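For reference, the structure is listed below as structure tokens.
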Amino acid sequence: MKIAIVKNYYGDFGGEETGGNVPKEYTADSTAWPLWEVFIRSKQGLDHKHAGSLKAADAQMAIENARDVYTRRQEGVSLWVVESKYIHASNPDDAESLYEPAEDKIYRHPTFYDLPDEIKHM
Amino acid sequence: MDQQQLIDYTLFLADTNLILAQRNAEWCAHGPILEQDIAITNISLDLIGQSRNFYQHAAILLGNGTTEDSLAYLRAEREFKNLLITELPNNDWAHTVLRQFVYSVYAQLLYTQLMGGNDKQIAAIAEKALKEISYHIKWSSEWVIRLGDGTEESNQRINKAIDNLWPYTGEFFNPAYYETAVKQLDFAGLQDSWTQKVTSVLEEATLSFPQNVFMHSGGKQGVHTENLGYILADLQYLQRAYPGAEW
Numbered sequence: 001m002k003i004a005i006v007k008n009y010y011g012d013f014g015g016e017e018t019g020g021n022v023p024k025e026y027t028a029d030s031t032a033w034p035l036w037e038v039f040i041r042s043k044q045g046l047d048h049k050h051a052g053s054l055k056a057a058d059a060q061m062a063i064e065n066a067r068d069v070y071t072r073r074q075e076g077v078s079l080w081v082v083e084s085k086y087i088h089a090s091n092p093d094d095a096e097s098l099y100e101p102a103e104d105k106i107y108r109h110p111t112f113y114d115l116p117d118e119i120k121h122m
Numbered sequence: 001m002d003q004q005q006l007i008d009y010t011l012f013l014a015d016t017n018l019i020l021a022q023r024n025a026e027w028c029a030h031g032p033i034l035e036q037d038i039a040i041t042n043i044s045l046d047l048i049g050q051s052r053n054f055y056q057h058a059a060i061l062l063g064n065g066t067t068e069d070s071l072a073y074l075r076a077e078r079e080f081k082n083l084l085i086t087e088l089p090n091n092d093w094a095h096t097v098l099r100q101f102v103y104s105v106y107a108q109l110l111y112t113q114l115m116g117g118n119d120k121q122i123a124a125i126a127e128k129a130l131k132e133i134s135y136h137i138k139w140s141s142e143w144v145i146r147l148g149d150g151t152e153e154s155n156q157r158i159n160k161a162i163d164n165l166w167p168y169t170g171e172f173f174n175p176a177y178y179e180t181a182v183k184q185l186d187f188a189g190l191q192d193s194w195t196q197k198v199t200s201v202l203e204e205a206t207l208s209f210p211q212n213v214f215m216h217s218g219g220k221q222g223v224h225t226e227n228l229g230y231i232l233a234d235l236q237y238l239q240r241a242y243p244g245a246e247w
């Protein structure tokens, strides 16, 4: 018996046609509904934030499921859903080269300016 | 409209919501998929909320220490005035979504008429409920279309649901003694608009409904199918066995 071990990262299924968190060959039921990521804006003027994921047959159902699963307690005023397969994630193995170079560059924060006293609320 | 008719009418609205809520709640932890389990139980909670509002109103009209709880938990089968269609078993998902669809379309039209009525409290409850009802129609009509225009199996199931449930839709438009007293209700208009809306969704779902079938009625008058006794046994057991129990 040949066992293939595939290491997957969250959302890292760009080549998949079916979407979902499980690669196609391991899906028990090929008719299973795809996975969707849900983003909620909690009030006007704020950004949509990732809230979680759910299964749905199509975008319309995904919005309604998101409404039922994630906004039952007045969590939001607007919903986005996107099929998980369309989200591409950075690889945790690349963390050193991607994020560490920023660590010694604190001057990129605009905190080194002397502000005149007259300017408030900066 | 005399006081007794107003009380009976309010109880009809309350009972119909409560029994349909109880049936939908039976799906809790048995839904076809987690997300839809939550969707159907959310709808159940909406209906319980509507029934509570109507029971509270009826309790005030009745007085004598009547409460929403005594109305829900301590009345017998023949005193319940819910529509027969609400007490039928859930059967499968197709039956459940079709019942919700035909009922919600009826409820939307009915509550819209009730908003213009003399009883300000019923008008206010109806207005609040309509927001929930329009979501129930959206949710259930999409399921009817999905099943009708889906696979061979789903089409068979929704067709079976239509055959089984259709004979219970006539009761919507067959006024009980207390309904004829509600002046603003236009049953002919209700039936026309209902038929139009339901037909348009069924057509989109590649479905049609049977013509000239025998229509059951009786629920509005307290004459029920054998199902209601079992529902009440489940619903009322605790308050009957331990009167006044709280948690």
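Top to bottom, those sequences are chains X and R. Residue numbering for the first sequence follows my numbering, beginning at 1 and increasing consecutively. Residue numbering for the second sequence follows my numbering, beginning at 1 and increasing consecutively. In this text, a Cβ means the ideal position worked out from N, Cα and C, and glycines have one as well. Since this is a predicted model, take the numbers as computed values, not measurements.
Check, Outcome
"Close beta carbons around V69 of chain X, own chain, < 7 Å, minus the five adjacent residues each side", "L54"
"Candidates R:F12, R:I122 and R:K128: closest to E79 of chain R by CA position", "R:F12"
"CB contact check: E103 of chain X to chain R, cutoff 9 Å", "no"
"Interfacial residues, the stretch 41-65 of chain X to chain R, with Cβ spacing under 8 Å", "L54, K55, A56, A57, Q60, M61, E64 and N65"
"Proximity of V102 of chain R and V213 of chain R at Cβ, strictly below 9 Å", "no"
"Cβ distance (whole Å) where L88 of chain R is taken to contact G148 of chain R below 8 Å", "About 20 Å; that fails the 8 Å criterion."
"With 16 other Cβ atoms within 10 Å as the buried cut-off, status of S200 of chain R", "exposed"
"9 Å Cβ cutoff, R73 of chain X in contact with chain R", "no"
"Terminal residues of the alpha helix (DSSP H) in which W80 of chain X lies", "From DSSP, W80 of chain X is part of no alpha helix (DSSP H) but of the beta strand (DSSP E) over S78 to E83."
"9 Å Cβ cutoff met for Q108 of chain R and N24 of chain R", "no"
"Chain R within 9 Å of K24 of chain X, Cβ atoms only", "Here the model assigns K24 of chain X a pLDDT of 49, short of 50, so the residue's position is not dependable and the matter cannot be decided."
"The stretch 77-92 of chain X touching the stretch 59-69 of chain X, judged by at least three CB pairs closer than 8 Å", "yes"
"Sheet register partners of V38 of chain X (DSSP bridge)", "X:G52 and X:V81"
"Beta-carbon contacts of G15 of chain X that lie in its chain and below 6 Å, excluding the five residues immediately before and after", "Legend: pLDDT at G15 of chain X = 47, less than 50; position of this residue unreliable, value from coordinates given subsequently. If we look at G15 of chain X and ignore the five residues flanking it on each side, it has no Cβ neighbours."
"Option in R:L98, R:A14, R:W194 and R:D46 with minimal Cα separation from Y135 of chain R", "R:D46"
"Within 9 Å, strictly: CB atoms of L98 of chain R and I158 of chain R", "yes"
"Under 7 Å from the C-beta of V69 of chain X: neighbouring residues of chain R", "E35 and I38"
"Range covered by the alpha helix (DSSP H) that runs through S217 of chain R", "Note, S217 of chain R: premise wrong, no alpha helix (DSSP H); not H, not E."
"Contacts around D15 of chain R, its chain only, beta-carbon distance under 6 Å, and the 5 residues preceding and following it disregarded", "F80, K81 and N82"
"D8 of chain R, buried or exposed, once every other Cβ within 10 Å from all chains shown has been counted against 16", "buried"
"H224 of chain R in three-state terms, based on DSSP", "coil"
"Partner residues on chain X for E142 of chain R, Cβ-Cβ distance less than 8 Å", "Q60, M61 and E64"
"Proximity winner among R:P32, R:Y55, R:T86 and R:Y106, relative to D186 of chain R (alpha-carbon distances)", "R:Y106"
"Any chain X beta carbon closer than 9 Å to W139 of chain R", "yes"
"Nonlocal neighbours in the same chain, by C-beta distance under 6 Å from I122 of chain R, ignoring five residues either side", "L114"
"H88 of chain X: CB within 8 Å of a non-hydrogen atom of the ligand FAD", "Within the structure as shown, the ligand FAD is missing, as the structure has no ligands at all."
"Beta-carbon gap between V144 of chain R and L202 of chain R smaller than 9 Å", "yes"
"Neighbour flag for N42 of chain R against chain X, beta carbons, 9 Å", "yes"
"From R:T112, R:I137, R:K138 and R:E142, residue whose alpha carbon lies closest to that of K128 of chain R", "R:T112"
"Own chain partners of H109 of chain X with C-beta closer than 6 Å, once the 5 adjacent residues on each side are dropped", "none"
"Option nearest A56 of chain X by Cα separation, candidates X:H48, X:S97, X:G76 and X:S84", "X:S84"
"Three-way DSSP call (helix, strand, coil) for N91 of chain R in this model", "coil"
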